[in-house]
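**Q**
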Amino acid sequence: MSEYIPRLLSSKIEEAAKYYPVLVVTGPRQSGKTCLCKHLYPDASYVNLENISTRAKAANDLNLFLDTLGDTAIIDEVQHLPDLLSMIQVRVDENKKLRYILTGSSNFSLLRTVTQSLAGRSALFTLLPLSFMELTSPQKKLSTNELMWQGQYPGVIAEGIPVHNFFSNYYNTYVERDLRDLLKLRNLLTFDKFVRMLAIRVGSEFNASALGREVGVSSHTVTEWLSLLATSYIAYPLAPYFSNLSKRLTKMPKVYFYDTGLLCYLLGIETYEMLENHPLRGAIFENLAMGELLKSRLNKALDPNLYFYREKSGLEIDAVQSIAGSLHLFEIKAGTSMRPDYYDNINVLKRCQNNVSASTIIYDGESQPPICLNIRDI
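In this note's numbering, the protein residues as written are 344 to 721.
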């Protein structure tokens with residue numbers, strides 16, 4: 344059995360448990376949700392609603408099902424039985440001693456149900472694959488190419504599952520199981536083509552019409568499919584930053600994947616050595632950095648508030664974090680040496696935006712805070 348890797352989100356969950364009877368942890372499949380919950384609540388009852396027979400028994404008599412779980416219970420993949428949340432609401436209102444820890448790997452459907460049934464009674468968290476801050480010491484010593492290629496899922500890092508085997512099984516299981524539940528797709532091969540075409544465009548603006556023409560489906564279908572990928576924590580759209588002072592900005596989002604290991608698998612990158620001269624290495628590095636920025640906020644139980652900035656003139660900032668009206672600008676560069684021109688776009692934007700509070704270059708060289716950070720130090 345592999346050694347437990349401490350997760351940064353643990354302290355936030357423990358703090359919230361003082362005030363909320365229901366804790367909800369969402370995130371991709373195999374990101375470590377169950378392991379984290381069992382570590383925090385080792386004496387809690389445990390059930391997984393992905394098990395069809397367990398789900399059938401629960402659906403047959405919700406009250407009896409909850410009675411069997413006792414005062415503290417971990418319920419995995421709770422999105423499969425949304426009616427259960429209404430029953431949990433009634434129970435925690437009547438009995439202040441009850442505690443439920445719920446997990447789910449379907450983002451929007453779970454959030455909608457929680458909002459409707461458990462408003463004011465639950466604290467919601469998102470657990471993504473391991474961040475660099477959570478990696479073991481041997482992992483932190485790997486080259487950047489190795490880190491991008493293997494990704495940061497605990498199954499690869501803690502369990503030692505071979506990279507290609509892990510992501511092949513992960514993706515095929517996702518297509519065969521989750522998609523059939525989330526959307527009745529008639530042609531999975533066309534959807535697979537869409538996902539792989541999207542991987543080629545990682546870090547680029549999402550043009551639904553152009554992508555739809557290449558895949559052979561409508562722009563509406565492509566937009567629906569992107570929403571599906573976001574729902575199941577495969578990829579996510581990053582919205583452009585808008586300011587009332589400027590109407591020159593693009594309206595299309597950019598798209599990133601939640602894990603670079605899966606991204607590399609979809610791109611057919613079979614070894615980390617293949618990344619050295621790969622034409623998309625810079626985009627994959629950007630995806631890696633964007634993921635770390637995202638995790639740094641979510642691991643503190645904070646909203647990401649993450650955007651990008653691009654004008655139609657071509658001026659672009661890779662990442663913009665907007666907090667209380669102030670902007671933190673990030674330029675992401677895959678190089679190992681700091682170059683003065685890395686700051687060119689930031690300097691231009693500073694001259695026309697008076698709310699820029701900080702700016703940082705994220706690259707693969709030596710950290711010199713706050714001017715530039717090595718990607719491992721985000």
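Don't be surprised by glycine CBs; every beta carbon is placed ideally from N, CA and C.
List the endpoints of the continuous alpha helix (DSSP H) containing ASN698.
**A** Along the sequence shown, read from residue 1 onward, the residue named residue 698 stands at position 355. From DSSP, ASN698 is part of no alpha helix (DSSP H); its letter is neither H nor E.
**Q** If you draw a straight line from the C-alpha of MET554 to the C-alpha of PHE537, how long is it?
**A** The sequence position of residue 554 within the sequence shown is 211, counting from 1. The sequence position of residue 537 within the sequence shown is 194, counting from 1. Looking at the sequence shown, residue 554 is not Met but Leu. If you take the alpha carbons of LEU554 and PHE537, they lie about 8 Å apart.
**Q** Determine the direct distance from the alpha carbon of TRP568 to that of LEU461, and round the result to whole angstroms.
**A** The residue labelled residue 461 in the question sits at position 118 within the sequence shown. The residue labelled residue 568 in the question sits at position 225 within the sequence shown. C-alpha separation (whole angstroms): 28 Å.
**Q** Excluding the 5 residues flanking SER552 on each side, which residues of the same chain have their C-beta closer than 6 Å to its C-beta?
**A** Your numbering for residue 552 matches position 209 in the sequence shown. The answer, listed in chain order, is SER562.
**Q** Determine the extent of the alpha helix (DSSP H) in which HIS382 is found, giving its start and end residues.
**A** Counting from one through the sequence shown, the residue named residue 382 turns up at place 39. Counting along the chain, the alpha helix (DSSP H) containing HIS382 begins and ends at 376 to 383.
**Q** Between PHE651 and GLU659, what straight-line distance do the alpha-carbon atoms span, to the nearest angstrom?
**A** Here residue 651 corresponds to residue number 308 of the sequence shown, with the count starting at 1. Here residue 659 corresponds to residue number 316 of the sequence shown, with the count starting at 1. Cα-Cα distance, rounded: 8 Å.
**Q** Could you check if TYR706 is buried or exposed, using at least 16 other CB atoms within 10 Å of its CB as the buried criterion?
**A** The residue you call residue 706 lines up with position 363 of the sequence shown. The residue in question, TYR706, is buried, as its Cβ has 16 or more Cβ neighbours within 10 Å.
**Q** In terms of residues, what are the limits of the alpha helix (DSSP H) holding VAL558?
**A** What you label residue 558 is simply residue 215 of the sequence shown in a count that begins at 1. It spans 551 to 558 - the alpha helix (DSSP H) in which VAL558 sits, taken as one unbroken run.
**Q** Looking at the C-beta of GLY494, does it have a partner C-beta in chain B at a distance below 9 Å?
**A** In the displayed structure, chain B is absent; only one protein chain is listed.
**Q** Strictly by DSSP, which residues pair up with CYS715?
**A** Taking the first residue of the sequence shown as position 1, residue 715 is located at position 372. Paired residues: ILE704, GLN711.
**Q** Could you name the residues of the same chain whose beta carbon sits closer than 7 Å to that of LEU606, not counting the 5 residues immediately before and after it, in chain order?
**A** Along the sequence shown, read from residue 1 onward, the residue named residue 606 stands at position 263. Around LEU606: ALA542, VAL545, PHE600, ILE627, ASN630.
**Q** Taking only the alpha-carbon atoms, compute the straight-line gap between LEU522 and MET617 and give it to the nearest angstrom.
**A** As a first step, residue 522 is located in the sequence shown; it is residue number 179 there, counting from the start. As a first step, residue 617 is located in the sequence shown; it is residue number 274 there, counting from the start. Between LEU522 and MET617, the C-alpha separation is close to 30 Å.
**Q** Taking just the CA atoms, how far does LEU478 sit from ALA306?
**A** Residue 306 is absent from the model: the chain starts at 344 and stops at 721.
**Q** Pair every Cβ in the segment 479 to 499 with every Cβ in the segment 362 to 375, then say whether three or more of these pairs are closer than 8 Å.
**A** Judged by Cβ distances under 8 Å, the segment 479 to 499 makes contact with the segment 362 to 375, as three or more pairs qualify.
**Q** DSSP three-state label for LEU366, please.
**A** Residue mapping note: residue 366 aligns to position 23 of the sequence shown, counting from 1. Correct three-state label for LEU366: strand.
**Q** Alpha carbon to alpha carbon, how far is ASN688 from CYS695? Give it in angstroms, no decimals.
**A** Position 352 of the sequence shown, counting from 1, holds the residue named residue 695. Position 345 of the sequence shown, counting from 1, holds the residue named residue 688. Cα to Cα, CYS695 sits roughly 11 Å from ASN688.
**Q** Looking at SER449 and THR574, is the spacing between their C-beta atoms short of 9 Å?
**A** As a position in the sequence shown, residue 574 is number 231, starting the count at 1. As a position in the sequence shown, residue 449 is number 106, starting the count at 1. Yes, they are a contact pair.
**Q** Looking at the unbroken alpha helix (DSSP H) that takes in ALA399, where does it start and where does it end?
**A** For the purposes of this step, residue 399 is identified with residue 56 of the sequence shown, where counting begins at 1. Run containing ALA399: 395 to 403, per the alpha helix (DSSP H) assignment.
**Q** Just list the alpha helix (DSSP H) runs in the segment 475 to 518, keeping only unbroken ones of 4 residues or longer that don't cross its boundaries, in chain order.
**A** With a minimum length of 4 residues, the continuous alpha helix (DSSP H) runs that stay inside the segment 475 to 518 are 480 to 483, 487 to 493, 497 to 500, 506 to 516.
**Q** Taking the runs of the beta strand (DSSP E) that are 3 residues or longer, which of them lie wholly in the segment 413 to 469?
**A** Qualifying beta strand (DSSP E) stretches, in chain order: 415 to 419, 442 to 447, 465 to 469.
**Q** Would you call the CB atoms of PRO712 and ARG653 closer than 9 Å?
**A** Working through the sequence shown from its first residue, we reach residue 712 at position 369. Working through the sequence shown from its first residue, we reach residue 653 at position 310. No. Outside cutoff.
**Q** Could you tell me the alpha carbon to alpha carbon distance between LEU490 and GLU548, rounded to whole angstroms?
**A** Residue numbering aside, residue 490 sits at position 147 when the sequence shown is read from its first letter. Residue numbering aside, residue 548 sits at position 205 when the sequence shown is read from its first letter. Near 25 Å, if we compare the C-alpha coordinates of GLU548 and LEU490.
**Q** Which of the three DSSP states, helix, strand or coil, is assigned to PRO683?
**A** Mapped onto the sequence shown, residue 683 falls at position 340. Residue state, collapsed to three classes: helix.
**Q** Which residue comes first and which comes last in the alpha helix (DSSP H) that contains GLU629?
**A** For the purposes of this step, residue 629 is taken as the residue at position 286 of the sequence shown. Element bounds for GLU629: 624 to 641.
**Q** My guess is that ARG442 and PRO364 are in contact by the Cβ rule of under 8 Å, so how many angstroms apart are they, rounded?
**A** Along the sequence shown, read from residue 1 onward, the residue named residue 442 stands at position 99. Along the sequence shown, read from residue 1 onward, the residue named residue 364 stands at position 21. Contact holds; Cβ gap of about 6 Å.
**Q** At the level of alpha carbons, what is the spacing between GLU346 and LEU379?
**A** In the sequence shown, the residue the question calls residue 346 occupies position 3. In the sequence shown, the residue the question calls residue 379 occupies position 36. When rounded, the distance between both Cα atoms is 12 Å.
**Q** Could you tell me the distance, in whole angstroms, from the CA atom of ALA466 to the CA atom of VAL367?
**A** Mapped onto the sequence shown, residue 466 falls at position 123. Mapped onto the sequence shown, residue 367 falls at position 24. Their backbone Cα atoms lie some 6 Å apart in a straight line.
**Q** Give the DSSP-derived three-state secondary structure of TYR579 in the structure shown.
**A** One-based indexing of the sequence shown puts residue 579 at position 236. Looking at TYR579 - three-state DSSP - the assignment turns out to be strand.
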